[in-house]
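A.B. asks: Residue numbers (our numbering): 90 to 477.
I'd like to ask you about the structure that follows.
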């Protein structure tokens, strides 16, 4: 009996030891798993927070943004392919004047750049999500307003009921009444619903009628009456939807500013509103004697490839973030687009003017010109470390 009891005790002890050992090993595995998951979350959080511009947006990629390292190792590019580039501007950003039958010879073959805008070129080379937020005819004030750099507010308290429109007054941060062609912040030919804005993160739709502005609840957001207090911020749908990790701004050629300081403050307000330190400022591509700033010049040859007063002000304000796009177009764009200069182009260059082969009209470019602008922005992004 004693022997049997002794054997039973030994077997019971071994069983307890085995269970304890298994528990310790399991706990270790779980701990390692948790630690690994925490590390992964930390990496993801760090990469997807406001971008540190000392880091690049893409590594080991081809023109489509695909990983070409081939080593199976997760690189920064694998995590950042979801990054966004937001391009705000007027018709130059939109790409007005782009045409069909635009073919660019490159080391990788022929690129069909037909009807491309510069954001199309940027998307081609970075492989990232690029948003064209150009609206034709807009001033710098309009662009800053719909991006959110200049704020819009409800001017007077209003109550909105489902299915019933109510009159509303929208003012800017200076108290002036606001009336945009499309309050959704996109160009009118966009597929986005017209005049949709967000107030307290709720979508509403605006409607202009006989000089007055009306508001209604958009979609099935609420079946209740919604009271909107005076001073509540109004945000365009574009600004609500898109917050780029890299901000590219081209504006000013349609006015909206009285002096360089005002224009620079509009730029800075947009940069502050974007929440990113990664930005690129595109200079005007108009010839000096034809630009909105033409009062200072009777002939473009007076400037040549030096900075105009306008360009000098932007360079001083934004330093390496600024591209003198007019000079780039004179010096590099023909070769970038694979074009042989005509005699007219040569004469233009000698006179300090953008070559005619790159232009649609006196102010807008064609697809060759927009392709060259996109390449210039792409190269500036490499220089600043935004992508590689």
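Beta carbons are placed, not taken as given, at the ideal position from N, Cα and C, and that holds for glycine.
Just so we're clear, the structure is a prediction, and the values are computed from it rather than from any experiment.
1. In the DSSP assignment, find the unbroken alpha helix (DSSP H) run with residue 268 in it and report its ends.
2. Using the DSSP secondary-structure output, state which residues sit across from residue 316 in a beta bridge.
3. Smallest Cα separation from residue 212: which of 229, 474, 248 and 464?
4. Within 10 Å of its beta-carbon, does residue 432 have 16 or more other beta-carbons around it, so buried, or fewer, so exposed?
5. Can you give me the Cβ contacts of residue 445 inside the same chain, cut-off strictly under 8 Å, excluding the 5 residues immediately before and after it?
6. What would DSSP say about residue 123, mapped onto helix, strand or coil?
7. Looking at C-beta atoms only, is the number of pairs between the segment 456–472 and the segment 368–375 that lie closer than 8 Å three or more?
8. Can you tell me whether residue 282 is buried or exposed, with buried defined as 16 or more other CB within 10 angstroms of its CB?
9. Relative to the C-alpha of residue 312, which candidate in 195, 190, 248 and 400 has its C-alpha closest?
10. Would you mind sorting residue 300 into buried or exposed? The rule is 16 or more other CB atoms within 10 Å of its CB.
11. Please identify the residue among 352, 416, 229 and 425 whose C-alpha is closest to the C-alpha of residue 443.
12. Can you tell me the Cα-Cα spacing of residue 222 and residue 422, whole angstroms?
13. Quick one: residues in its chain with C-beta nearer than 7 Å to the C-beta of residue 358, no 5 flanking neighbours on either side, listed in chain order?
14. Let's see if you can read the secondary structure: which residues bound the alpha helix (DSSP H) around residue 231?
15. Could you round the C-beta distance between residue 319 and residue 250 to whole angstroms and report it? I think they count as a contact, below 8 Å.
16. Could you tell me which of 439, 426 and 356 sits nearest to residue 404, measuring between CA atoms?
17. Just list the residues that DSSP pairs residue 411 with in beta bridges.
18. Just tell me which of 229, 225, 385 and 476 has its CA closest to the CA of residue 351.
19. Judging by CA-CA distance, which residue of 342, 398 and 260 is the nearest neighbour of residue 321?
20. Taking the beta carbon of residue 198 as the centre, do at least 16 other beta carbons fall within 10 Å, making it buried, or is it exposed?
21. Can you name the start and end residues of the alpha helix (DSSP H) that residue 425 belongs to?
22. Just curious, the alpha helix (DSSP H) that residue 281 is in, first and last residue?
23. Apply the 10 Å Cβ neighbour rule to residue 226 and answer buried if 16 or more other Cβ atoms are within range, or exposed otherwise.
24. Assign residue 180 to one of two classes, buried (16 or more other C-beta atoms within 10 Å of its C-beta) or exposed (fewer than that).
25. For residue 454 and residue 256, I'd like the C-alpha separation in whole angstroms.
26. Please tell me whether residue 365 and residue 335 are closer than 8 Å, where the distance is taken between their beta carbons.
27. Less than 8 Å between the beta carbons of residue 441 and residue 419, yes or no?
28. Please report the distance separating the alpha-carbon of residue 277 from that of residue 186.
29. Report all residues from its chain with a CB closer than 7 Å to the CB of residue 254; omit the five preceding and five following residues, and keep chain order.
30. Distance, Cα to Cα, residue 347 vs residue 425?
31. Between residue 381 and the rest of its own chain, which residues show a CB-CB distance below 6 Å, the 5 nearest in sequence each way excluded?
32. Take the Cβ of residue 466 as the centre, count every other Cβ of all protein chains shown within 10 Å, and call the residue buried at 16 or more, exposed below.
33. Quick test of your reading: residue 333 and residue 220, contact by CB under 8 Å. State the CB separation rounded to the nearest angstrom.
34. Measure the C-alpha to C-alpha separation of residue 469 and residue 174 and round it to an integer number of angstroms.
C.D. replies: Working from what's here:
1. Premise fails: residue 268 is in no alpha helix (DSSP H) and is neither H nor E.
2. 248.
3. Ranking 229, 474, 248 and 464 by Cα distance to residue 212 puts 464 first.
4. Exposed: under 16 other Cβ atoms inside 10 Å.
5. Cβ neighbours of residue 445 beyond the five flanking positions: 431, 433, 434 and 437.
6. Reliability fails at residue 123, whose pLDDT of 31 lies under 50, so the model's placement of it is uncertain and the value that follows must be treated cautiously. DSSP places residue 123 in the helix class (H, G or I) of the three-state scheme.
7. Flag = yes, the segment 456–472 and the segment 368–375 touch.
8. With fewer than 16 neighbouring CB atoms inside 10 Å of its own CB, residue 282 falls in the exposed class.
9. Comparing Cα-Cα distances from residue 312 to each of 195, 190, 248 and 400, the minimum goes to 248.
10. Burial call: exposed.
11. When each option's Cα is compared against that of residue 443, the closest is 416.
12. The C-alpha of residue 222 lies about 23 Å from the C-alpha of residue 422.
13. Cβ neighbours of residue 358 beyond the five flanking positions: 233, 238 and 239.
14. 229–236 is the extent of the alpha helix (DSSP H) around residue 231.
15. Rounded to whole angstroms, the Cβ separation of residue 319 and residue 250 is 18 Å, and the two are not in contact under 8 Å.
16. The residue with the shortest Cα to Cα distance from residue 404 is 356.
17. As computed with DSSP, residue 411 is found in a beta bridge with 370.
18. Checking every option, the nearest Cα to that of residue 351 belongs to 229.
19. Per the Cα distances, 260.
20. Result: exposed.
21. That run of the alpha helix (DSSP H) goes 422–425.
22. That residue, residue 281, is in no alpha helix (DSSP H); it is neither H nor E in DSSP.
23. So residue 226 counts as exposed.
24. With 16 or more Cβ atoms within 10 Å of its Cβ, residue 180 is classed as buried.
25. When rounded, the distance between both Cα atoms is 41 Å.
26. Taking 8 Å as the cut-off, the Cβ atoms of residue 365 and residue 335 count as close.
27. Yes, the pair counts as a contact, with Cβ atoms nearer than the cut-off.
28. Cα to Cα, the separation comes out at about 16 Å.
29. Scanning its chain for C-beta atoms nearer than 7 Å, with the 5 sequence neighbours on each side dropped, one finds around residue 254 the residues 296, 303, 304 and 305, in chain order.
30. So the alpha carbons of these two residues sit roughly 35 Å apart.
31. Closer than 6 Å at Cβ, skipping near neighbours: 342 and 344.
32. Note on residue 466: 16 or more other CB atoms within 10 angstroms of its CB, so buried under the neighbour-count rule.
33. That pair is a contact at about 7 Å.
34. It is roughly 14 Å from the alpha-carbon of residue 469 to the alpha-carbon of residue 174.
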